[in-house]
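Residue numbers (our numbering): 1 to 334. Presented below is the structure to which this report refers.
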């Protein structure tokens, strides 16, 4: 069981084998501790010393996020670190040829997934609706291999993403949701609010996979290596954005599973979820992320979270040199 605690001011404690969630001395919920796999704390949530000790002793991951879902840190014992793998990562961080090759693979993978997504959805729209966007992304994909350096490849990714979101907005059929363009921060409309929050959740998922494999999240390729910037995390998230999050949000909107009443407008027209809207989104997200998909490299059917781990292991094998090419994840079949 994966828990999300969103009640501001809640206190987590332990009593007779149960996790007790309370607020102002009133019990909100009790959950058997042996059923809990992971806990996501969003905002102002407190933990008592006994429950912290239990989580540490039983290696239950506790993620701390802001109320809007941005990752802040986590509670953990010693993480699994593959020292030899990390030494090779550090060595690769000075190998510009390797980094450029991986960066091209990541960008081509992301744009190819975006291209395929628009192609598939165009079948349900009037002929030619997405022709411009599809053709533009295809041309950008063809240019990626010719990129002279990582900056140029990064530029192709930005241009391709712009065309993709121009197509994405045409896929929204629910008239209550208007979307002009992708604005990362702060969100100015409900669609951008959902995309940002969804990507925060995706970051947490991929980060967990990176930790399990023993990779260093700070040494990536496409994204620049800076202090406190998890470059590898941002790299490995790219190929999953469209398949996991964008597709999920589009279904929520077009199936009327979320409404404009699930959002509030705050200072300077910044849009956030209402408390109930947040709970609804998280519930739907967990339904989606708990499903299975086929993994592209072996065509085995796995839970999505397992696929994140498999892909991180694939990247690790490329870093070590056991595999030659990094092949970004893509959807196999329907």
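Think of the CB as a built atom: it goes at the ideal place given N, C-alpha and C, for glycine as much as any other residue.
Three-state secondary structure (DSSP) of residue i
i: residue 293; result: strand
i: residue 40; result: strand
i: residue 211; result: helix
i: residue 264; result: strand
i: residue 161; result: helix
i: residue 55; result: helix
i: residue 285; result: helix
i: residue 272; result: strand
i: residue 222; result: coil
i: residue 114; result: helix
i: residue 130; result: coil
i: residue 46; result: strand
i: residue 332; result: coil
i: residue 325; result: coil
i: residue 85; result: helix
i: residue 8; result: coil
Residues that DSSP places opposite residue i in a beta bridge
i: residue 302; result: 293
i: residue 73; result: 64
i: residue 19; result: 14 and 31
i: residue 3; result: 39
i: residue 26; result: 23
Chain-order list of residues whose beta-carbon lies under 6 Å from that of residue i (same chain, five-residue window excluded)
i: residue 64; result: 41, 72 and 73
i: residue 5; result: 41 and 45
i: residue 86; result: 216
Rounded Cβ spacing between residue i and residue j (contact assumed at less than 8 Å)
i: residue 98; j: residue 209; result: Contact flag wrong, Cβ pair sits at about 21 Å.
i: residue 174; j: residue 256; result: 6 Å
i: residue 270; j: residue 188; result: 7 Å
i: residue 153; j: residue 93; result: About 17 Å separates the two Cβ atoms, so there is no contact after all.
Close beta carbons around residue i, own chain, < 7 Å, minus the five adjacent residues each side
i: residue 286; result: 2
i: residue 166; result: 133
i: residue 224; result: 231
i: residue 88; result: 319 and 320
Cβ shell of residue i (< 8 Å), same chain only, five flanking positions each side left out
i: residue 140; result: 111, 156, 159, 160 and 163
i: residue 330; result: 109, 112, 113, 116, 239, 243 and 296
i: residue 138; result: 115
For the segment 206-221 against the segment 267-278, are there 3 or more C-beta pairs whose distance is under 8 Å?
-> No, because fewer than three Cβ pairs between the segment 206-221 and the segment 267-278 fall closer than 8 Å, the two stretches do not touch.
Any 3 or more C-beta pairs closer than 8 Å across the segment 46-65 and the segment 180-191 = With a cut-off of 8 Å on Cβ pairs, the segment 46-65 is not in contact with the segment 180-191, counting fewer than three such pairs.
Say whether the segment 237-249 touches the segment 197-207, bearing in mind that this needs 3 or more beta-carbon pairs closer than 8 Å, one atom from each stretch.
-> Using a Cβ-Cβ distance cut-off of 8 Å, the segment 237-249 and the segment 197-207 are in contact, since at least three pairs of beta carbons, one from each stretch, lie closer than that value.
Counting pairs of Cβ atoms below 8 Å between the segment 41-50 and the segment 5-13, do you hit three or more?
-> By the Cβ test, the segment 41-50 is in contact with the segment 5-13, since at least three Cβ pairs between them sit closer than 8 Å.
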